[in-house]
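Below: the structure, in structure tokens.
2 protein chains.
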Amino acid sequence: MVNIAILGYGTVGSGVVEVIQTNYDSIQKKAGQGICIKYILDLRDFPNDPMQEKIVHDYDIILNDKEINIIVEVMGGLDPAYRFVKAALEQGKSVVTSNKELVAKYGSELIALAKAKNSNFLFEASVGGGIPIIRPLNQSLTADEICEIIGILNGTTNYILTKMKQDGSEFADALKEAQELGFAERDPSADIEGYDACRKIAILSSLAYGGQVDYEDIYTEGISQITRNDIWFTQKFGYEIKLLASSKKIDGKIYVSVAPALITEKNPLYSVFGVFNGIFVKGNVLGDVMFYGSGAGKLPTASAVVSDIVDEIKHLHTNIMTSWASKKIELGEISESKKKFFVRIEGKIKDRLEEIERIFGIVNAIEIEEIENEFAFITPILTEKEFIQKKERLSGICNRIRVESE
Amino acid sequence: MVNIAILGYGTVGSGVVEVIQTNYDSIQKKAGQGICIKYILDLRDFPNDPMQEKIVHDYDIILNDKEINIIVEVMGGLDPAYRFVKAALEQGKSVVTSNKELVAKYGSELIALAKAKNSNFLFEASVGGGIPIIRPLNQSLTADEICEIIGILNGTTNYILTKMKQDGSEFADALKEAQELGFAERDPSADIEGYDACRKIAILSSLAYGGQVDYEDIYTEGISQITRNDIWFTQKFGYEIKLLASSKKIDGKIYVSVAPALITEKNPLYSVFGVFNGIFVKGNVLGDVMFYGSGAGKLPTASAVVSDIVDEIKHLHTNIMTSWASKKIELGEISESKKKFFVRIEGKIKDRLEEIERIFGIVNAIEIEEIENEFAFITPILTEKEFIQKKERLSGICNRIRVESE
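Quick mapping for you: the protein sequence lines, in order, are chains A and B.
Under this note's numbering, the first residue of the first sequence carries the number 1, and numbering increases by one thereafter.
Under this note's numbering, the first residue of the second sequence carries the number 1001, and numbering increases by one thereafter.
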């Protein structure tokens, strides 16, 4: 029997309790021994909850209990999560976390600390909710050098984009609906401005390339500027708009960004709709693989947390190697990266095409009957820098969105 | 440095050599030590190949070499693969295989033998080529009880069905094209009759449910009866025809089958086209996940083999637990399973609908202008047994295909 403590009895914490109770027997069989939840740390009390007897308010009780082998941090945020996790690892305890902020910021340090103590620091639930992606990257794709990861890593924004397309609604209305359904927070900025996806792609990139990718270095753009007209025009071109978190190795240089992008139906991420996540990985010998599933939610996330607990029980006092060194990876400049751009612009094609093609060369332009005095075009491939320079010479640009190469 | 021997220098064997050479440094880093290919067993010689110096024709040289820790069996077939693998495990060596026949038939025995000797028997490449699926099932989805696995597990048949749809070609022509392109064998029966997918779903089911699912017990039907007209009618209904290998736990009973089935675009397998494979898994707490990628091919398959080698190097003399007991799982009768059926039949709707609806109740029937004197309908949900009885009462049935529930 392995004793564990759960830090935080919120959505994920109560999900972890539920998963362990629901599948107790099968989990015990796979782990080789049973799991005993000895403590739950929370500031609150839960008088009518059967778990109330496990609730403690003082972390030191957990930290100083030599019977506790595994600590499950599901509080979120950096403070006190970082202090608590570090202290646990220093004591030789293993830690599981679902906290993407903590992992993105302190991942390499905490991994090294676990290694030095022959314990483990695992974080499958920090990216992609219930989708197995951290363990496959660490343990399955080991024969490959990863050259590309492209993910739909945020369910809230994917839900909003799906609703805008399906219902023809504007961004603000789709966001409001997502909030009413509990798919978006009351302060939605972490999701809609891309910060959540940014931390997740920082984690995946650090694991894939074996060094520290700082999330502060990642070019990040959210979906709040996307309008119904963008969706209509891009659909007419045969594209879907997705918030893509992308990480590519090109000529030895690593480019990471989070931004809305257009993809065609040939892209396996094309049919990832609603709150689902999809993560596409390209290896230099493997080719393309994709992982798909519920990117958030109480039970899927808890399922990933518990799978990490099982792995730590199977590896008590044996470190599971993870290649994420503290050496910082300098990212390539997005201004150098090359792509096509979708541009939505005021006016009529017949009046403006000549002006546009003088600047960009031949473009693919369309109008939509229902939308007056606006049209859209797709540029040839050019660098971000060139695009910005050329776009300065055009008036009346309503929006521009990058086109993901096929 | 770990010494390995490769049994069989065919497509996969030479791929394994290529992957190890191409990514030698990154593999060494992840494995913690380098890999030395000491022997390659093959009946043939390869005079102009740089690997010729490693070629041996006598398996005993490998078996008796105490320096060999890991044996990579990529010969295929049951004999001598089974004898060779068993002998290696008995000597305490670890084994990696890509051989689905071997794993489906002797998996539980060889896993138990490896466990008894504190070595490992791994087989990631036996299902889904380069797609990580065996390790995720064993090590990632450990918090869940698996309730459903549905896979497109054979790239050849998926390619043929995709071509039939895209080009409007008949089965025989699409098969011929697949053979010319090297996607189908000269004797294609293992693929087109579903035997290959049958062995693979037997392996996945055994792992998911922790007991022996014998492939001989699995109802298996191939795609050779599918015609262009079936594709046209099902498309008009909004379906794709896929060869689905399916394994479901319903009321404690396990139903496994391989058969063509119709799926809607809501199914994540809908957009798995060409030679790609997709594997959908449902867990009782996780919900739905899907794994997608190249299901075959030299390098993707070799990538999976080498990832197993890395795992074995990291776990020399430590068994990686796998829950696949030898206890046989009795499968549920397919005749009891319930679904809708697509039926293509001679005649005109106006002449036959009354007769059909007297037998089946209300059906959804369609005609296609270009196809004379044939139409198609979809039955209400009924058991396979009921369907067979009712269908006996109708003349002129051209084909029938099961409809996968949403």
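By construction, the Cβ of each residue, glycine as well, lies at the ideal position given by its N, Cα and C atoms.
Close to chain B, meaning a Cβ-Cβ distance shorter than 8 Å, are the following residues of the stretch 131–165 of chain A: I131, P132, R135, P136, Q139, S140, L141, T142, A143, D144 and E145. As DSSP reads the structure, S94 (chain A) sits in a beta bridge with A:I70. Contact check for I226 (chain A) against P260 (chain A) passes: the beta carbons are separated by less than 8 Å. For G107 (chain A), the number of other beta carbons within 10 angstroms of its own is at least 16, and it is reported as buried. Among the residues of chain A, those whose CB is under 7 Å from the CB of M1321 (chain B) are G32 and K314, following chain order. Put simply, the stretch 291–301 of chain A does not touch the stretch 107–119 of chain A. Fewer than three CB pairs are less than 8 Å apart. Looking at the backbone, the Cα of I192 (chain A) and that of G274 (chain A) are separated by about 14 Å.
Taking C-beta atoms as the reference points, P1080 (chain B) and S140 (chain A) fail to come closer than 8 Å. By alpha-carbon distance to L102 (chain A), the top candidate from A:D167, A:G92, A:V127 and A:D187 is A:V127. Taking 8 Å as the threshold, the shortest C-beta distance from F1123 (chain B) to chain A does not fall below it. If the five residues before and after A1114 (chain B) are omitted, its C-beta is found closer than 6 Å to the C-beta atoms of L1089, N1120 and F1121, all from its own chain and listed in chain order. With the rule of 3 Cβ pairs closer than 8 Å, the stretch 329–348 of chain A does not count as touching the stretch 152–160 of chain A. Looking at B:I1241, B:I1397 and B:V1019, the one whose alpha-carbon comes closest to that of Q1166 (chain B) is B:I1241. Going by beta carbons, F1237 (chain B) and I1366 (chain B) fall inside the 8 Å limit. Ranked by Cα distance from E1370 (chain B), the options B:S1395, B:C1398, B:N1284 and B:N1229 are led by B:N1229. Here T234 (chain A) has E240, I241, L262, F342, A376 and I401 as same chain residues with Cβ atoms under 8 Å from its own Cβ, once five neighbours each way along the sequence are excluded.
Between V1306 (chain B) and A143 (chain A) a beta carbon distance of about 3 Å is seen, short of the 8 Å cut, so the two are scored as contacting. The stretch 1082–1099 of chain B makes contact with the stretch 1300–1318 of chain B: 3 or more CB pairs, one atom from each, lie closer than 8 Å. For D60 (chain A), the number of other beta carbons within 10 angstroms of its own is below 16, and it is reported as exposed.
When DSSP states are grouped into helix, strand and coil, L1181 (chain B) belongs to the coil group.
Taking a Cβ-Cβ threshold of 8 Å, the residues of chain B close to N23 (chain A) are A1143, D1144, E1145, N1284 and V1285, in chain order. A residue is called buried when at least 16 other Cβ atoms come within 10 angstroms of its Cβ; Q212 (chain A) meets this threshold and is buried.
Taking the CA atoms as reference points, Q1021 (chain B) sits about 27 Å from L1181 (chain B). In this structure the stretch 1268–1286 of chain B does not touch the stretch 1029–1039 of chain B; the number of beta carbon pairs closer than 8 Å is below three.
Straight-line spacing of the CA atoms in T1379 (chain B) and I1362 (chain B) works out to 8 Å.
Spanning the alpha carbons of I1152 (chain B) and R352 (chain A) requires a straight line of approximately 49 Å. Secondary structure of V272 (chain A) (DSSP, three-state): coil. Listed along chain A are T142 and A143, each with a C-beta nearer than 8 Å to that of I1027 (chain B).
The contact set of S303 (chain A) on chain B, defined by CB atoms closer than 7 Å, consists of A1143, D1144, G1283, V1285 and L1286 in chain order.
E1265, P1268, Y1270, S1271, G1283, N1284 and V1285: these are the residues of the stretch 1251–1285 of chain B whose beta carbon lies less than 8 Å from some beta carbon of chain A, given in chain order. When only Cα atoms are considered, I1004 (chain B) and V74 (chain A) end up about 43 Å apart. In the structure shown, N1003 (chain B) adopts extended strand secondary structure according to DSSP, grouped into three states. Beta-bridge partners assigned by DSSP to D1288 (chain B): B:K1282. The contact set of S294 (chain A) on chain B, defined by CB atoms closer than 9 Å, consists of L1286, G1287, D1288 and V1289 in chain order.
Residues of the same chain with a CB within less than 7 Å of the CB of K30 (chain A), apart from the 5 flanking positions on each side, are V310 in chain order.
Sixteen is the threshold: since fewer than 16 other Cβ atoms of the shown chains lie within 10 Å of the Cβ of M1001 (chain B), the residue is exposed.
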